[in-house]
Amino acid sequence: MDQALLVFLTVADKQNFTRAAEELHMTQPAVSQYVLQLEKTYGTKLLDRGNKHVRLNKAGEIVYHHAKEISRLYSRMNYLVDDLLHKASGILTIGASYTYGEYVLPRIIARLQAEYPLIQPAITIGNTKDISEKVAAGDLDVGIVEGEFRHDKLDIEPFADDAMYVMAASDHRLAALADVPVTELGRETWIVRETGSGTRAATDTMFERFSIRPQRSMEFGSTQLIKESVEAGLGVTLLSEWAVRKEITLGTMHKLHIQGTPVIRRFYWIAQATRFHTRASVVFKELLLRESGRGAD
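If you read the sequence shown in the numbering used here, its first letter stands for residue 55, the second for the next number, and so on.
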């Protein structure tokens, strides 16, 4: 990467020439010279200089934004070339929506570490909307999200199905019924995830399909909080079977038997739409497909 751009980025981040020089192990005059050289190249000042701090001006903000992107692409280019010559290794940033990230991914990561110990996974958990946006922006290498969606900047591929059930506390009035009429569901308080969640999207789709209009609903941003609320008898919910396995085994939650359920949705693997992916990303995808039964034997 161009040295003048690197120096400029450091000065802008530190907001001080002296601190930037210390960070870069350079003299302050040398740092100042690089910045002056860059300003001469663009024919305008890029920094507003004060007694103790410097600030980006409008032109500086434009150069800073694009220099950051150049720096990210330069680092990725070097990493990809190095990756071709070595075993799968390095940091792999993985984003996952709550259901998969909290209830399935730990087992996958354990397998990944056993087979590829040089890969260092860094996990981010969020809803489907948050994870897809971070992958599209390049803040995450890969993502695993719930429910079907489209994005111009992403490769999106289904790799596993997820069965979702209407859940209630084991002592709920509907738990004793062999078959629960759909009409009963509209009378219940529904505990749902926030907008942008794959689980919420599946719930809304089920409401539309069954023509359910809940008399009352509560919105929570945590699957764990939803489960505890259902166990406490506050209402019913739609959750992945993965998320409620322990509660079903313990007998604290009950699957309601409703014609037309379970609701089936898919988990999707997502990455930036590019021909180039790190080897760590590739082997992680292969592991996902293998664990879900979609990969080659």
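We put the beta carbon where it would ideally sit given N, CA and C, even for glycine.
What are the uninterrupted segments assigned as beta strand (DSSP E) that are 3 or more residues long and contained completely in the region 244-281, given in chain order? Here the runs fully enclosed are 270-273.
Rounded to whole angstroms, what is the Cα-Cα separation between N111 and A190? Your numbering for residue 111 matches position 57 in the sequence shown. Your numbering for residue 190 matches position 136 in the sequence shown. In this model, N111 and A190 are separated by some 28 Å (Cα to Cα).
Helix, strand or coil at Y170 [DSSP, three-state]: For the purposes of this step, residue 170 is taken as residue 116 along the sequence shown, with counting starting at 1. In the structure shown, Y170 sits in coil (DSSP, three-state: anything other than H, G, I, E or B).
With DSSP collapsed to three states, give me the class of D67. For the purposes of this step, residue 67 is identified with residue 13 of the sequence shown, where counting begins at 1. Here D67 sits in helix by DSSP.
From this set, E273, D193, R241, which residue's C-alpha is nearest I357's C-alpha? Outside the displayed range of the chain (55 to 351) lies residue 357, so it cannot be described from this structure.
Where M221 falls: helix, strand or coil (DSSP): Locating residue 221 in the sequence shown gives position 167, where the first residue counts as 1. Here M221 sits in strand by DSSP.
Nearest-angstrom Cα separation, counted from A232 out to F213: The residue given as residue 213 occupies position 159 in the sequence shown. The residue given as residue 232 occupies position 178 in the sequence shown. Note on geometry: alpha-carbon atoms of F213 and A232 lie some 33 Å from one another.
Roughly how many angstroms lie between the CA atoms of N70 and M131, to the nearest whole one? The residue you call residue 70 lines up with position 16 of the sequence shown. The residue you call residue 131 lines up with position 77 of the sequence shown. Taking the straight line joining both Cα atoms gives about 29 Å.
Applying the 10 Å Cβ sphere with the 16-neighbour rule, what's the burial state of G114? Here residue 114 is taken as the residue at index 60 of the sequence shown, counted from 1. Buried.
S276 classed as buried or exposed, judged by whether at least 16 other C-beta atoms fall within 10 angstroms: In the sequence shown, residue 276 corresponds to position 222, counting from 1. Residue burial is scored here from C-beta neighbours: S276 has fewer than 16 other C-beta atoms within 10 angstroms and is therefore classed as exposed.
D67 classed as buried or exposed, judged by whether at least 16 other C-beta atoms fall within 10 angstroms: Indexing the sequence shown from 1 puts residue 67 at position 13. Counting Cβ neighbours within 10 Å, D67 comes out exposed, since fewer than 16 surround it.
Are the CB atoms of F321 and I198 within a distance shorter than 8 Å? Position 144 of the sequence shown, counted from the first residue, corresponds to residue 198. Position 267 of the sequence shown, counted from the first residue, corresponds to residue 321. Yes, the pair counts as a contact, with Cβ atoms nearer than the cut-off.
DSSP state of M131, grouped into three classes? Translated into the one-based positions of the sequence shown, residue 131 becomes position 77. DSSP places M131 in helix when its eight states are reduced to three.
In chain order, what residues of the same chain lie with their CB nearer than 8 Å to the CB of Q313, ignoring the 5 residues before and after it? Along the sequence shown, read from residue 1 onward, the residue named residue 313 stands at position 259. So the qualifying residues of the chain are D233, V236.
Suppose contacts are defined by Cβ-Cβ distances below 8 Å. Is L78 in contact with T95 by that definition? Locating residue 78 in the sequence shown gives position 24, where the first residue counts as 1. Locating residue 95 in the sequence shown gives position 41, where the first residue counts as 1. In this structure, L78 keeps its C-beta atom at 8 Å or more from the C-beta atom of T95.
8 Å Cβ cutoff met for G240 and R267: To locate residue 240, count along the sequence shown from 1; it is residue 186. To locate residue 267, count along the sequence shown from 1; it is residue 213. Less than 8 Å divides the Cβ of G240 from the Cβ of R267.
Q326 bridges to which residues according to DSSP? As a working note, residue 326 is residue 272 in the sequence shown. BP columns for Q326 point to L208.
The beta strand (DSSP E) spanning G155 covers which residue range? To locate residue 155, count along the sequence shown from 1; it is residue 101. Counting along the chain, G155 falls outside any beta strand (DSSP E), though it belongs to the alpha helix (DSSP H) covering 152-157.
Is the separation between the beta-carbon of V196 and that of I324 shorter than 8 Å? In the sequence shown, residue 196 corresponds to position 142, counting from 1. In the sequence shown, residue 324 corresponds to position 270, counting from 1. Closer than 8 Å, so yes.
Per DSSP, what are the beta-bridge partners of I177 in this structure? As a working note, residue 177 is residue 123 in the sequence shown. I148.
Which partner residues does F42 have in the DSSP bridge list? The requested residue 42 does not occur in the structure, where the chain is confined to residues 55 to 351.
Cβ neighbours of A350 in the same chain (closer than 6 Å, five flanking residues each side left out): Locating residue 350 in the sequence shown gives position 296, counting from the first residue. With a pLDDT of 41 at A350, under the threshold of 50, the modelled position of this residue cannot be trusted; read the value that follows with caution. Cβ within range, chain order: n/a, list empty.
Please report the straight-line C-alpha distance between H200 and S151, rounded to a whole angstrom. Locating residue 200 in the sequence shown gives position 146, where the first residue counts as 1. Locating residue 151 in the sequence shown gives position 97, where the first residue counts as 1. First, the amino acid is wrong: residue 200 is Glu here, not His. Straight-line spacing of the CA atoms in E200 and S151 works out to 7 Å.
Let me make sure I understand the geometry here. Which of D206, T81, E345, V317 has the alpha-carbon closest to that of R263? Stepping through the sequence shown from its first residue, residue 263 is reached at position 209. Answer by Cα proximity: V317.
From A327 to S335, what does the alpha carbon distance come to, in whole angstroms? Within the sequence shown, numbered from 1, the residue matching residue 327 stands at position 273. Within the sequence shown, numbered from 1, the residue matching residue 335 stands at position 281. Linking A327 to S335 through their CA atoms gives a straight-line distance of about 13 Å.
Can you tell me whether DSSP reads L231 as helix, strand or coil? Sequence index remark: in the sequence shown, residue 231 carries index 177 (1-based). DSSP places L231 in coil when its eight states are reduced to three.
Mind checking whether T243 and L288 have CB atoms under 8 Å apart? By 1-based counting over the sequence shown, the position of residue 243 is 189. By 1-based counting over the sequence shown, the position of residue 288 is 234. Cβ distance < 8 Å, so T243 and L288 count as in contact.
Under a three-way DSSP split, which group does D184 fall into? As a first step, residue 184 must be located in the sequence shown, where it is residue number 130. Here D184 sits in helix by DSSP.
Identify which residue in G347, E340, R126 has its Cα closest to the Cα of E169. In the sequence shown, the residue the question calls residue 169 occupies position 115. For E169, the nearest C-alpha among the options comes from E340.
Roughly how far, in whole angstroms, is the beta-carbon of P175 from the beta-carbon of I163, given that I think they are within contact range, below 8 Å? Here residue 175 refers to the residue found at position 121 when the sequence shown is read from its first residue. Here residue 163 refers to the residue found at position 109 when the sequence shown is read from its first residue. Contact between P175 and I163 is confirmed by a C-beta separation of about 5 Å, below the 8 Å threshold.
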